[in-house]
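Residue numbers (numbering that gives the first Met the number 0): 0 to 122.
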Amino acid sequence: MKENIEEIRLTEIVGSELCIASEDGQKAHDSIKRALVKGKRVKISFKNVDDLTSAFLNSAIGQLYGEFSDDELKSKLSVADASNEDLVLLKRVINRAKEFFRDKERFEMATREMLGEDDVAAN
0 MKENIEEIRL
10 TEIVGSELCI
20 ASEDGQKAHD
30 SIKRALVKGK
40 RVKISFKNVD
50 DLTSAFLNSA
60 IGQLYGEFSD
70 DELKSKLSVA
80 DASNEDLVLL
90 KRVINRAKEF
100 FRDKERFEMA
110 TREMLGEDDV
120 AAN
């Protein structure tokens, strides 16, 4: 019996070895989400990725934590062909995403305060 796994190669989605732009991360996210919604397990391949940014990973993977439970993502997502450096960055992005979606309102309020948006609105 064939296992229900879809491999998503980031370089194929992006069309380059540079996985840096959040717009490209959104394309990867959309592919990952489509597979998850269909009930598939997803193997994300970092093969041939030369450059990777947190902006890309936030779009591609981080926002999934606002759409699926942590347990579901743990059981359905896997990573292949990633360097140790990429894995460290991915772990940081995932941890930040979990914190953000656990208390999204607090994070948004802190961001507004930091940017001084509350002061602007009061004037």
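Don't be surprised by glycine CBs; every beta carbon is placed ideally from N, CA and C.
- Message: Buried or exposed for residue 14, going by 16 or more other Cβ atoms inside 10 Å?
- Response: exposed
- Would the beta-carbon of residue 42 fall within 9 Å of that of residue 16? no
- Item | Run of the alpha helix (DSSP H) containing residue 82, from where it starts to where it stops | Taken as a continuous stretch (DSSP letters only), residue 82 belongs to no alpha helix (DSSP H), as it is neither H nor E.
- Buried versus exposed, by CB contacts within 10 Å (16 or more), residue 34: buried
- Touch check for the stretch 82-96 and the stretch 49-69: three-plus C-beta pairs under 8 Å? yes
- Query: According to the neighbour-count rule (16 or more other Cβ atoms, all chains shown, within 10 Å of its Cβ), is residue 79 buried or exposed?
  - Reply: exposed
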